[in-house]
Every structure is written in structure tokens, then in C-alpha cells.
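Protein chains in written order, with our numbering: chain A, 1 to 1003; chain B, 1004 to 1100. Backbone N, C-alpha and C fix where the C-beta goes; we use that ideal spot for every residue, glycine too. A quick note: this is a predicted structure, and the numbers were derived from the prediction, not measured. Okay, structure first, notes after.
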Amino acid sequence: MPARFRLTEGGRIDRSNPISFTFNGKVYQGFEGDTLASALLANGVHLVGRSFKYHRPRGIMSAGAEEANALIQVGEGARTDPNLRATQIELVDGLTASSQNCWPSVEFDVSIVNNLASRLIPSGFYYKTFMWPASLWMTYEKVIRNAAGLGKAPEGPDPDSYDRTFAHCDVLVVGAGPTGLAAALSAGRSGARVILSEQEATLGGSLQSEPNLEIEGKPALEWVEAARAELEGLENVRLLTRTQTYGYFDHNFIGLMENLTDHLKEKPANLPRHRLWKLRAKQVVIATGSIERPLVFSDNDRPGIMLASACRTYLNRYGVKPGSKAVLFTNNDGAYAAALDMHKAGIHVAAIVDLRANSEGPLTEAARDAGLRILTDHAIIATAGDKRVKAVQVAPLSADGESARGGGEKIDCDLVAVSGGWNPTVHLHSQSRGKILFDDSHACFVPGDSAQASTVAGACNGSFGLGGCLSEGHDAGLAAAKAVGFDGKGSASAPSAEDRDFLPARWLWLVPGDKPLGHGGKHFVDVQNDVTAADLHLALREGYRSIEHVKRYTTTGMGTDQGKTSNVNAIAIVSQYFGCPIPDVGVTTFRPPYTPVTFGVFAGRDIGDLLDPARKTPMHALHEQAGAAFEDVGQWKRPWYFPHDGEDMHQAVNREVRACRDSVGVMDASTLGKIDIQGKDAAEFLNRIYTNAWLKLKISSCRYGLMLGENGMVMDDGVTSRLGENHFLMTTTSGNAAPVLAHLEEYLQTEWPELEVYLTSVTEQFATVSIAGPNARKLLAELTDDIDLSAEAFPFMTFRQGRVAGIPARVFRISFTGDLSYEINVPASYGAALWQAIMNTGEKYAITPYGTEAMHVLRAEKGFIIVGQDTDGSVTPIDLGMDWIVSKTKDFVGRRSLYRADMDKPDRKQLVGLLTDAPDTVLPEGAQLVEKIETGPTMAMLGHVTSSYHSPNCERSIAMALIKGGRARMGQKLYSPQADGKVITCSVSDVVFYDKEGERTRG
Amino acid sequence: MLEINCPYCGPRFETEFSYGGEAHIERPKDSENLSDEEWGEYVFMNSNTKGVFLERWVHTSGCRRWFNVARDTVSYKILAVYETGTEPPELDLRKDV
């Protein structure tokens, strides 16, 4: 059965293709080509939501992106979107939609009491009321979020996929109305690569709502159809429909969101739901048209009150009667077209209420000729009706238009079509930082000079007649193509059409009501945020002056619609209050996105496993087989510890640590950053980068180095080996390899370009296996026959090349555990083979794989720092007690900073050891330390614990800490108050806890 | 998002680059003789120019090379791109915003 308010013919819907959908649990019928809004209106459903603050019944106020009332929740469960505009939702079979912001239902909403209590909820209510105590804000917020707020977030992860793509074009044309089509045609014909983006599924824009207009002497839609066919045939033109151009950023970078599947009943598995286009356009033609402005009058928000142009769209495009008995309320001639269309469609036009002192103009005359009742110099001073408007009170205006004369006449109606003029959709132009000017004749903001390579054309440029739109669009497209080097030959002349805009008009920004402002009746300025003219006046009385402040205080023009219908009215009402011209008030910033963008497109495919790459060493699979627990170090997956059956982490780590001191342990150190440094000035370069001396390092020797920032703070450390006269291999901490390489390159390229040095990251080219413990030498001896491992032939801090397990290897005798240790580097592809060979051969020594946790304990036993754990960007080598590594005879990066007066302060934090009084107590890392426990809430903090472990080899807890003047406090008792109120007592010690003479390392 | 014309790779998105602050600040060779204030000036203090600013960029996700850019900090327009160690080209410093 056709819906009650559907016309039997006309419109751009397909009556042979019925669609069922569900709204608020009830099933309705619509047609292919409908939006949710048009289908609801066809079924006589006007009440679709409740307002944000007062929970007033709200209907559909527009037919496009500017919709501020009919915000709808579409879908259910995990597949749901809040705050979609019913006017932009394409109807699809099985669509499930519901009202938002109402409980228990849109018909009966208990929070409507907010409306009765509205005098208690003025602008700035939340700022004023919930100021104190701050701790209660969490409670307030929950209540407020339930009572106010818009739609609901999905329950569960998004089941759809999203995509992102990059694109480039010569000319982007935004909007496929008459202006945009003309621009795309002229640019496309010239040969430029053109993208034409259109937010709707179909082309033509406003022409789709115009039954009477002609272009080139033919019905306008025939011209649209021919334009579509021609553009589709041009290989250099791409049409992007259902694509919202939501943001205009620097250097003609444009964000577009394409909707690929929302309108499909069956969603093809190969298509993403939405696609983000990151587009760089050489030239942009902004042809985004204009949006009709509502009038600000008393209780102008009831369901059934909508923009006059929306009435026309529902009638002409969707074949829907938005009411049976209508009143047109206008300040201009153009809106009379709505009265004429309604009259023709059989809607009873009860009256045309015209604010103008003289009702004149071509359409006004046509209405007069049609016998329609015109009430000149009249205003709607009140409206009635709860869930749908049912009557308006109409009265003549006083001479100045600031009040009504008499109580007026009541006119019954179920539809009020409103027009307050038109606002060019200058959002994108404003986002591009183009200037905005005020057009006095049309009383609207229009684009001024462009700041980027863009042009604005058509209604968006304040050119409201069709003829002007077509010629401006044509010229803009041609100029854009010429600007990128196309000659424009082959381009026809601009299509011609009648050029007539909506003037004459009268600008009465605040329509008087039957009661004084703020004393009954609400003059809504921003319906989405429930901001009234009285709220604006209150903010001004309270002293707000800047329009940006008024906007934030009252929230007018904020929210998902970004003030598309409210901004100019708000600015005009403010200007009137101050008695200054509108341009003096200024205009608030238009921010992206133009309409909300799905979060999913920004994430695209970078979700789940693809969020961040996981880097794995060549031995990773073996570690997995061994049951390793892993930890993330940067992007690397590193074995954390290798638990045996029944072991917890603590037990496993203790076992691993003991094995490295008692027999031999083995660790995968492949993640250490490795930088190959070559060139005749390599030694000189290292000498400038590191704090210690490098020129005389012998070939085949290794040296530990500290690297500082120019501010003197420790940046990285590691061992670098001299492979040849002009060849070094630097190691960096695992997480710091890329920043260190960048640091080196920066100095090499920008400060010392005279040095001949080449840097290559070789981290992933080598696998590194570290064996440590008293049996390390014996084990290695069984695996190599061409390296003399004796302490004399292969001393500590040297390296040899040879074969290990038959694999060509670089063997470094260096140690991070403090025990006899070798780091064996082999080509990455041999990593697993080497590991396996070492495990097999090591069996007789009970070889124990150990992870990063055991490594941390081992190095802490020796007092070795980890940059980034024991340092934090405010720590110098001197603070670490590492003066021995700082050269006094040469310059290096950061050197001068070490001689600043502040560096000598005795209360600088210094690295020391801590021993707890109770040997079994392990201080938490990050714990604060104080000299004495105070009773008050604040205590003077001396520093904090940077590393803390149970040391099985010391058979007690050990910790490292940065403590003010720490080295002068040896033996001093310090206290660490804990969150649970307990206090851990400890004493300051040397930072080396085990084998202080280093005999094990060198043996 | 800026489009930066890397002198070695051509125009690329800003996300491929890293910023290096003000250009043409030479690391002092005689830092021994600088006062703490003078050294601090070098390490910490950059100009915050409104208008044309000469700055350093590095093509981190590309050729890894450093170069200089003349950019208007008001309009974000890039007026010139030139190699490290060379003098900035003659610029038309007309304000276009």
C-alpha cells in the first residue's frame, strides 16, 4: 500500500521498487531513491527525535547535510552509527533506524521536564552549576551524559572494513550541482585530470528539486543527464558520488569520505564500507552551493516546521507531501516558489506570512495571481502543537519590526515552510583560510580572496541565480585547467539559463513573539544545541563580547552540524544587540569536518595485527617452541624469560640468572641496533659523536661509548668495534636504533659535510647470539676451529672473525652481564642454525636460554645502566658517575653543556645503589625516596628508583636510583613511602653490587 | 598537510619528513670561549618568525637527506627549497595573506 502522503506521480523515486525499513520498531514502506527523511514524511512521521537539552519533540527541518534536528541512530549492536542525518540516509531494504536522546520513547520522554524547567538551565548552566567540588564532577558527568548527549556508541568492535587511498588531480570540483557540473565539463573538456565529488548518490544538486528550470532551452534535468553521460565518457574525469568532501587543509590537501556500501542491501565482501581519499589537487573549484536560513521566531522548532526549500525538495524530488495545510513564512521572494509548488501539489496553502513591508517580486506576483493569501508585513508570533505543529498565531508588525501589533489571527496548519534567505556554504573556503566577506544585499557571508589554489563559484560565491551559477562554474573550471597548463581549446561556451535570485528581501533577524524574549516561547537559533535568542542575549548581558566566546559559552554553532543553519542568525542577533554592523561582529571559524566522518576511515586497514609491525628475530620460532614469554621492546618481540613447567616468572628469572654465573646462558641479542660506519673520516666522526676518544682505537678492538645530545644529556650508549682502518660497527640500544642513526646523519650532513663517512643500518642483516658465563669459552671452543679463544690471544673488548658452527661469524668479546661473554654475529639467515648449534653443543653445560628480564638483573648486579630506564633525558654522564668516559681534551656533541654552572650543583640527581633493610623487599621501580617521613601530605622528594630486582647472586634485593646529591649520601638511610601507607627503609650504596673488581668479565 | 618538494626525490607528503627547526645556525667551533648564555642561545633558542622562515627538514621516510626550506609561517606557502650548506635564493617576500 502506498504511503499516505506520497504523490501518485512525479519525483525522482522509483515507484516500481518498494523498500521496507524499520523506524523505532515499526515497519514502513518507501521507494528506491528515497532518503530516510522523505520516506518517513511519506508515511506521515514528523516526530523523529528529541532535542539535546530540553528534550523537546523535533521533526525534520531540512532535506540535506544541514539537518540539525533529525539525527538518527542507524543499525544495532556493533554495526551502528549515531547522529546520522535522516535527510542524507539513503533508504535501503531492511534499514533499521531509531530516534536518539529520548527515554523511554520518542513519543513519551520523561526528560521533557527539562523544558518546563528551562529557566533553570540557562546558557553556561554546566559551567555555573557543577563548579565544586571537583571530585563530584565524575558523578555529575554521568548523569549529564545520560540526560543530554546524542546517539549511542556501537557495542563491540566495528565488523566492517575501511580503506584509505591517496590521489592526485589537476582540478578537484566539489559539488555536482549546476555550478560543479559546468566546472567539471569545462575543465574535463580541456584535458585536465578532474575529480568531481558529490555528497549525494545522484548529480544535479538543487536542480533535482526544481521542476521548472531550463538550461539551454531544455528541462534542466536533461542537461544534467547529458553532462553526466559526457563526464562518464571522459577518461580524464573521475566521478566520486556519495563522497563527502569534509576538509580543506594546507597546500590543497583535501579529505574526502566515499561511502561504498551503506546503500546496498547485500554488502559485497570485497568492498570496504567507506573509503578515505587523501587528495592533493593542483586546483580546486568549490561549488558547494548554499543552504537556506531559518527564521528565528517563537517556538520555531516544532515538528512540521521546515525550510521552504526542503518542502520543495520533498514535493518535487521525492513526491512527498510534507503536510496537508501549510503556512509559508518568508522574508524573501524566492521562497514563494514553495507556496506555488505546494498549491500545485494539492496542499492547502492557508497563508503566506511575509515579513516584508512590500510583498513584491516575480514569484510573489505569481502567488498573487494564483489567488494565494498573502499577509504582508506580518509575522508568526507564536506556534502551537506538541508533537506536530497545529496552528500559528499571525500578527502585523510594528513600523520598526520589533514588535507585533495586536494579538493577531490564529491559522490552523500542519506544516510551516520557513525561509530567511540563503547562506553560501563557505565552509571549505573558510577551512582553506580564504577570507570571508559580508554581502549586504543578500545579507550573508560570501567568500573573499582565496588563500590557496582555489576558486569559489556559483551559489557558494553568492551568485544565487542559475544563469550565474552555470557561467561562473564554466569559467572557474576553465581557469583552473588553464592554471595547470591546459589551453582550454575544445571547450564550448557556458550553458545559458535564466538568472534570477531570491531577492527582494527584508532582514528581520529576531522575529517578535507574543511575549517578551525569554518570557515564554523559545526563539531557537541553534536547534541542535537548543540555543535560543534569549540565551545569546544572556551571554551578552553577562559580558561576553567576542563571537568566539559567545559561541563556546552558549554552544551555538557547535555540535555535529557546526552551525550550518544557525551561525549567521546568531551573529546577526549579536550585532543587533550591540547595534553594530554584522561584519564587525566577525564570523566564527568553520572547522573540518563539514559533516561527521566515520572513525573507521582514519584507521583504515591499520588495525589489529596491522596497527604496528611486529619485528621478529631470525630465532623467533625457536623461542616460541621453547615456550618463551615475550615482551615488546619498541616494535621488537623479545624473549622475556623462558619458563619451565610449573615455574612462575620469578623462579624462571632466578634460574636463568644463576645459570649465567654458574655455567653458561644464551641470549638472542639480534635486536641491538647495528650501524655500519665506513669512510676515511669514520674515526674522526666517532670522536666527535662520543664523549670518549676514538682516534687511536686499534683494529679488532671494541670500545664502549656514550652519546649525548647537545644539551649534555645522555642519549644512547653501546659498544663500537673497529673492523678496519676506516670501518666501524656501532651498536645501539634496541629501541633507539633509528633515532641514533638519524642523529648521526644530522650531524654528518648539516654540521660536518666535509667528513667522508657513510652510515648504513645493518640491524636486520645480522643475527646476534650472546653466550655468557664461566663455561662460555669452553662452549665456544667446541664450535670454532679457527679462532684462538685463549685470554691472551682474544682479550676482553676485542673481536675476531672466524667460523662458528661452520658459519662465517664476527665474535665480539664484550659483556653486558659482567661475566665471561661472547657476542656472535652471523648473517641473519644463519641465526636459527647458530642458535640451534649452540643449544645442542651446550647441552653438556646445561646451557640456559635467558630473556631480557634475566639480562636486566645481571646487568643491574654489575651496575650497568640502561639508557631510557636509568636515564630520562635529564641525566649527564657526570650524574651517572661516568666521568671516566668523558674526554677533557677534545670537543664532542654535548661537551660545552657539561661545563654549565648548573652542572656543578651538589643537589643534582646522581645514580646510586639502594639496599633495602629487609633483603627480601624489592622496591617498586618508580618509587619516590625521602629523607624523613612527614605526617603531612607533602614530603620533600629526593629522587626515585630507576631499576629494582631480586638478585639471586647477591641473595637479596638490589636497586638503582637517581637521588639528589646521591654520591655524598653513601650509607645514609632513606625512606620510600608506598601507596598502601607502608614505608620501605633502605640505605644508599655503591651502584655495583657484584664482582666489583670485574674479574669474572676479564677472566 | 604540507607538500614538500624534496630536492632529491620530488614532491612528497609532509608525513614523510621530519622537522629540524631554524636553518643557518652553525654549531659554534669555539664553544670553549662562549659564556653559558651564549651556548644556551645556540642550543635552545630558535627564532619564532611570523612570515618567511628558513628552516631545516629531513626526508626521513625517503632519501634521509637534510635540506632547507623557506616557508611562510602565516600562509604555510613554501617559497623555496634548497640544499644544506647553500645560501637561500632571492625571495619575493611580498605578503600574500
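Exposed or buried, which one is residue i when buried takes at least 16 other CB atoms within 10 Å?
i, result
"A/R193", "buried"
"A/K890", "exposed"
"A/P937", "exposed"
"B/C1012", "exposed"
"B/E1086", "exposed"
"A/S38", "buried"
"B/R1059", "buried"
"A/L363", "buried"
"A/G608", "exposed"
"A/Q100", "buried"
"A/I19", "buried"
"A/M970", "exposed"
"A/L47", "buried"
"A/D81", "buried"
"A/I933", "exposed"
"A/A614", "exposed"
"B/M1004", "exposed"
"A/V740", "buried"
"A/D109", "buried"
"A/D1011", "For chain A, the structure presents residues 1 to 1003; residue 1011 of chain A sits outside this window and is missing."
"B/L1057", "buried"
"A/V45", "buried"
"A/P272", "buried"
"A/S1020", "The first residue shown for chain A is 1 and the last is 1003, placing residue 1020 of chain A beyond what the model contains."
"A/Y758", "exposed"
"A/F166", "exposed"
"A/H429", "buried"
"A/D990", "exposed"
Could you work out which residues of chain B lie near residue i, taking near to mean beta carbons separated by less than 9 angstroms?
i, result
"A/F1004", "Residue 1004 of chain A lies beyond the residue range present for chain A, which begins at 1 and ends at 1003; the question has no answer from this structure."
"A/R280", "M1004, E1006, P1014 and F1016"
"A/A901", "D1039"
Identify the contact partners of residue i in chain A, using a Cβ-Cβ distance below 9 angstroms as the criterion.
i, result
"B/T1087", "Q749, T750 and P753"
Which bits of chain A does residue i rub up against, with CB to CB less than 8 angstroms?
i, result
"B/H1037", "Rather than His, the amino acid found at residue 1037 of chain B in this sequence is Leu. The answer, in chain order, is R896."
"B/Y1079", "D250 and H251"
"B/S1034", "D891, R895 and R896"
Can you pull the chain A residues whose beta carbon is under 7 angstroms from the beta carbon of residue i, in chain order?
i, result
"B/R1074", "Under the 7 angstroms cutoff, chain A gives no residues; its nearest Cβ is about 11 angstroms from B/R1074."
Starting from the beta carbon of residue i, find every residue of chain B whose beta carbon is closer than 8 angstroms, and list them in chain order.
i, result
"A/L746", "Position check: residue 746 of chain A holds Glu in this sequence, whereas Leu was assumed. The answer, in chain order, is G1023, V1061 and W1069."
List in chain order: all unbroken beta strand (DSSP E) runs of 3+ residues lying wholly within the region 38 to 111 of chain A. Inside the region 38 to 111 of chain A, DSSP marks whole beta strand (DSSP E) runs of 3 or more residues at positions 71 to 76, 79 to 85 and 96 to 99, from first to last along the chain.
Please give the ranges of any alpha helix (DSSP H) in the region 916 to 977 of chain A, keeping only runs that are unbroken, at least 4 residues long and fully inside the region. none
Enumerated in chain order, which unbroken segments of the beta strand (DSSP E) with a length of 3 residues or greater are wholly contained in the region 153 to 233 of chain A? 162 to 174 and 194 to 197, all fully within the region 153 to 233 of chain A.
Quick one: any contact between the region 544 to 560 of chain A and the region 497 to 517 of chain A, if contact means 3 or more CB pairs under 8 angstroms? no
Residues of the region 664 to 693 of chain A with Cβ closer than 9 angstroms to any Cβ of chain B, in chain order: none
If we count Cβ pairs, one from each stretch, closer than 8 angstroms, do we get three or more for the region 40 to 52 of chain A versus the region 313 to 333 of chain A? Because the criterion of three Cβ pairs below 8 angstroms is met, the region 40 to 52 of chain A and the region 313 to 333 of chain A touch.
Entirely enclosed beta strand (DSSP E) segments - the region 441 to 527 of chain A, minimum 3 residues: 444 to 447, 454 to 456 and 524 to 526
Where in the region 354 to 425 of chain A do unbroken runs of the alpha helix (DSSP H), each at least 4 residues long, occur, reported from the N-terminal end onward? Secondary structure in the region 354 to 425 of chain A: the alpha helix (DSSP H) runs of 4 residues or longer, each lying completely within the stretch, are 362 to 369 in chain order.
In the region 1046 to 1062 of chain B, which residues sit with their C-beta less than 8 angstroms from some C-beta in chain A, listed in chain order? V1046, F1047, R1059 and V1061
Using a beta-carbon distance cut-off of less than 8 angstroms, what residues from the region 704 to 738 of chain A approach chain B? E710 and N711
Within the region 753 to 816 of chain A, ranges of the alpha helix (DSSP H) (whole runs, at least 4 residues): 776 to 783
With 7 angstroms as the C-beta to C-beta threshold (strictly closer), list the residues of the region 445 to 475 of chain A near chain B in chain order. Cβ contacts with chain B come from A451.
Tell me whether the region 682 to 692 of chain A and the region 715 to 733 of chain A touch, counting them as touching only if at least three CB pairs, one residue from each stretch, are closer than 8 angstroms. yes
Would you call the region 1009 to 1028 of chain B and the region 1057 to 1076 of chain B in contact, with 3 or more CB pairs under 8 angstroms? yes
Taking the runs of the alpha helix (DSSP H) that are 4 residues or longer, which of them lie wholly in the region 832 to 899 of chain A? 852 to 861
Three or more C-beta pairs closer than 8 angstroms, one from the region 595 to 602 of chain A and one from the region 153 to 172 of chain A: is that the case here? yes
Counting Cβ pairs, one atom from each stretch, are 3 or more of them under 8 angstroms apart for the region 632 to 641 of chain A and the region 564 to 581 of chain A? Cβ pair count under 8 angstroms is below three, so no.
Jot down the residue ranges of each uninterrupted alpha helix (DSSP H) in the region 554 to 628 of chain A, minimum 4 residues, whole runs only, in chain order. If we require 4 residues or more, the alpha helix (DSSP H) runs fully inside the region 554 to 628 of chain A come out as 567 to 578, 582 to 585, 599 to 603 and 620 to 625.
Taking 8 angstroms as the cut-off, does the region 304 to 314 of chain A touch the region 412 to 429 of chain A (at least 3 CB pairs, one atom from each stretch)? Verdict: yes, contact present.
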